[in-house]
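Enquirer: Encoded as structure tokens, here's the structure I'll be asking about.
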Amino acid sequence: MEIIADLHVHSRYAMACSSNISIRGMEAAALEKGINVISAADFTHPLWLNEIEENLEEDGSTGLYKVKGSASSVRFILGTEVSTVYTGDDNKVKKIHHCLLMSDIGKVKILNDKLGKYGSLGSDGRPTLSISAPELVDMAKSVDPGSFIFPAHAWTPWFGVFGSMSGFDSLKDAYKDREKDIYAIESGLSSDPKMNWRISALDKYSIISNSDFHSLPKMGREANVFDIKSKALSYGSIIEAIKEKSQSTFKKTIEFYPEEGKYHYDGHRNCNFSIDPQKESSQICPVCGKRLVIGVLHRVNDLADRPDGYAPKSAIPYIHLIPLIEVVSYVKGKSTYSKDVTAIRDKLVSAFGTEFNVLMSANQEAISEASDVEIAQAIQNMRDDKVSIMPGYDGTYGKIDLLNREKPSKPKPKQRGISQFM
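Put into structure tokens, the structure is as follows:
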């Protein structure tokens with residue numbers, strides 16, 4: 150049975166997240182998307198943990214949870230993201246985000262009691278803790294040996310384990326003697342598996358992908374596809390599929406186009422300037438004269454010991470997808486919040502059962518009949534990777550031209566003001 154899992158999401162208590170996120174809303178969104186397993190999110194936040202306990206119940210002895218009174222097939226896995234801030238061996242401040250998965254609410258509470266000594270758990274669904282990466286793993290494993298930890302969005306500049314602003318050059322440097330307990334890294338929106346395959350030191354880890362959503366429509370923009378028998382679906386079988394890294398059980402990941410991620414290229418958002426680090430080597434902004442924000446592609450190039458395009462024989466396959474609401478919005482030239490766009494998206498989901506059915510498997514002609522020719526062609530172009538892209542940089546999302554209406558052009562930098570010469 151094919152299982153689609155999104156293992157890193159957020160509640161309304163995480164900074165910059167929608168106030169509309171709820172457990173039952175997450176279940177409804179997962180059903181529409183075609184997601185089978187979703188993280189319950191932010192279990193470190195006391196108010197959200199209360200909601201988890203009020204709305205979810207154990208699904209037998211599987212280590213997964215389901216909505217109380219619901220007959221749906223959606224299952225929840227206990228998960229959270231935390232930020233560790235500490236001084237590394239190089240005397241530089243390290244700010245690293247990590248995801249944790251657990252199977253038991255009782256053990257979650259014990260871990261929260263321990264973590265609460267190092268930061269305010271109630272201030273943010275993604276709490277900042279004054280402990281090191283290996284100390285975090287120590288703490289989680291001491292409470293629950295079955296807990297699963299992986300670095301979140303591994304390449305993003307400020308909070309990725311390999312990030313240009315405060316990261317490391319290897320997982321061994323980051324997690325030290327606890328690196329043996331790390332089995333996966335999260336690619337993040339600005340990288341995909343192909344980029345990670347260029348670093349031979351990452352061959353031992355699974356490359357997993359999750360949405361890290363801040364609002365429900367973003368659920369499943371990245372996800373993992375496993376082949377697990379329905380009766381065998383459990384916390385343990387999911388973790389085992391990731392650890393084993395076998396193409397027979399870990400079928401593929403669903404990926405954002407990495408160029409669409411908001412930290413793919415180097416650049417300066419305020420100066421409207423970006424560069425392709427594979428073609429230009431300057432790290433100084435020509436507009437303001439300050440150092441550019443070094444993006445994900447640059448960091449991959451720094452650490453790569455293989456050419457672009459290299460693929461290990463045992464690599465887990467992947468596909469690029471764009472959320473259906475964004476496909477319809479692009480074709481119609483209207484906001485994703487437009488009633489017309491929402492109506493078309495809902496009609497397609499109703500016609501084919503789930504959003505992933507529309508995006509991954511529905512016949513092009515059938516999509517055209519349920520919507521129109523341009524939407525069907527846009528989806529086919531996405532499946533075939535025949536799209537034009539203007540890459541994102543410094544917090545600005547990239548733009549995907551699904552119908553290749555325009556040739557990508559480089560943003561025109563702002564002119565330097567007189568104050569910048571003073």
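If you use our numbering, the sequence shown corresponds to residues 150 to 571, in order.
From the three backbone atoms N, C-alpha and C, an ideal C-beta is built for every residue, glycine too.
#1: Starting from M509, trace the beta strand (DSSP E) in both directions and tell me its first and last residue.
#2: Return the CA-CA distance between P342 and S336, expressed in angstroms with no decimal places.
#3: Quick one: Cα of G255 to Cα of P435, how far?
#4: Which residues in the same chain have their Cβ closer than 6 Å to the Cβ of V292, if we skip the five residues on either side of it in sequence?
#5: Who are the near neighbours of A525 in its chain, counting only those whose CB is closer than 6 Å to its CB and skipping five residues on each side?
#6: Between the C-alpha atoms of S423 and L205, what's the straight-line distance to the nearest angstrom?
#7: Span of the alpha helix (DSSP H) holding T485?
#8: What runs of the beta strand (DSSP E), each 3 residues or longer, lie entirely inside the region 418-488?
#9: Look up D155 in the DSSP assignment and say whether it is helix, strand or coil.
#10: If I measure Cβ to Cβ from T503 and keep anything under 8 Å in the same chain, skipping five residues before and after, which residues do I get?
#11: Going by Cα to Cα distance, which pick from P426, C437 and R554 is closest to N419?
#12: For the beta strand (DSSP E) that Y384 lies in, which residues bound it at each end?
#13: Out of curiosity, what's the CA-to-CA distance linking S366 and D238?
#14: Please report the straight-line C-alpha distance between I391 and A333, rounded to a whole angstrom.
#15: Just the Cα atoms here: how many angstroms apart are I538 and R554?
#16: In whole angstroms, give me the CA-to-CA distance for S296 and S431.
#17: Determine the direct distance from the alpha carbon of F362 to that of S484, and round the result to whole angstroms.
#18: If contact is defined by three or more beta carbon pairs under 8 Å, each pair taking one atom from either stretch, is the region 156-169 in contact with the region 266-275?
#19: Buried or exposed: which applies to D155, given that a residue is buried once 16 or more other Cβ atoms fall within 10 Å of its Cβ?
#20: On a Cα-Cα basis, can you pick out the residue from I280, L470 and M314 that is closest to T233?
#21: By a C-beta neighbour count over all protein chains shown, 10 Å radius and 16 as the cutoff for buried, is P407 buried or exposed?
#22: Using only alpha-carbon positions, find the residue among W197, D451, P426 and R224 that is nearest to E207.
#23: With 16 as the cutoff for other CB atoms within 10 Å, does I433 come out buried or exposed?
#24: How would you label Y467, buried or exposed, when you count the other beta carbons within 10 angstroms and need 16 or more for buried?
#25: For F299, collect the residues of the same chain with a Cβ closer than 8 Å to its Cβ; drop the 5 residues on either side in sequence, then sort them by chain order.
Expert: Checking against the coordinates, here is how it stands:
#1: By one-based count along the sequence shown, residue 509 stands at place 360. No beta strand (DSSP E) contains M509, which is instead part of the alpha helix (DSSP H) from E504 to M509.
#2: For the purposes of this step, residue 342 is taken as the residue at position 193 of the sequence shown. For the purposes of this step, residue 336 is taken as the residue at position 187 of the sequence shown. Computed Cα separation, rounded: 7 Å.
#3: Residue numbering aside, residue 255 sits at position 106 when the sequence shown is read from its first letter. Residue numbering aside, residue 435 sits at position 286 when the sequence shown is read from its first letter. If I take the Cα positions, the gap works out to 55 Å.
#4: Residue mapping note: residue 292 aligns to position 143 of the sequence shown, counting from 1. Only K256, I259 and L260 meet the Cβ criterion.
#5: As a working mapping, residue 525 is identified with position 376 in the sequence shown. Excluding sequence neighbours, A525 sits near Q513, I516 and S517.
#6: The residue given as residue 423 occupies position 274 in the sequence shown. The residue given as residue 205 occupies position 56 in the sequence shown. Taking the straight line joining both Cα atoms gives about 45 Å.
#7: The sequence position of residue 485 within the sequence shown is 336, counting from 1. No alpha helix (DSSP H) holds T485; DSSP gives it neither H nor E.
#8: 422-424 and 467-469
#9: Walking along the sequence shown from the start, residue 155 turns up at place 6. D155 falls in the strand class under three-state DSSP.
#10: Against the sequence shown, residue 503 aligns to sequence position 354. Correct list, in chain order: L180, E181, K182 and G183.
#11: What you label residue 419 is simply residue 270 of the sequence shown in a count that begins at 1. Ranking P426, C437 and R554 by Cα distance to N419 puts C437 first.
#12: Counting from 1 along the sequence shown, the entry for residue 384 is found at position 235. It is not in any beta strand (DSSP E) - Y384 instead sits in the alpha helix (DSSP H) that spans Y384 to E393.
#13: Your numbering for residue 366 matches position 217 in the sequence shown. Your numbering for residue 238 matches position 89 in the sequence shown. Here residue 366 is Pro; the residue named in the question, Ser, does not match the sequence. For P366 and D238, the distance between alpha carbons rounds to 41 Å.
#14: Within the sequence shown, numbered from 1, the residue matching residue 391 stands at position 242. Within the sequence shown, numbered from 1, the residue matching residue 333 stands at position 184. Going by the C-alpha atoms only, they are around 7 Å apart.
#15: Here the question's residue 538 lines up with position 389 in the sequence shown. Here the question's residue 554 lines up with position 405 in the sequence shown. Computed Cα separation, rounded: 11 Å.
#16: Locating residue 296 in the sequence shown gives position 147, where the first residue counts as 1. Locating residue 431 in the sequence shown gives position 282, where the first residue counts as 1. In a straight line, the C-alpha of S296 is about 43 Å away from that of S431.
#17: For the purposes of this step, residue 484 is taken as the residue at position 335 of the sequence shown. For the purposes of this step, residue 362 is taken as the residue at position 213 of the sequence shown. When rounded, the distance between both Cα atoms is 19 Å.
#18: yes
#19: Numbered from 1 along the sequence shown, position 6 holds the residue referred to as residue 155. It is buried - the Cβ of D155 has at least 16 other Cβ atoms within 10 Å.
#20: Translated into the one-based positions of the sequence shown, residue 233 becomes position 84. Of I280, L470 and M314, the residue nearest in Cα terms is I280.
#21: Stepping through the sequence shown from its first residue, residue 407 is reached at position 258. Answer is buried; the Cβ neighbour count reaches 16.
#22: Taking the first residue of the sequence shown as 1, we reach residue 207 at position 58. When only C-alpha atoms are compared, the closest one is R224.
#23: Working through the sequence shown from its first residue, we reach residue 433 at position 284. Classification of I433: exposed, given that the 10 Å Cβ count is below 16.
#24: Translated into the one-based positions of the sequence shown, residue 467 becomes position 318. Y467 comes out buried.
#25: In the sequence shown, residue 299 corresponds to position 150, counting from 1. Within the same chain, F299 has close Cβ partners H247, C248, I331, Y332, A333, I334, E335 and I357.
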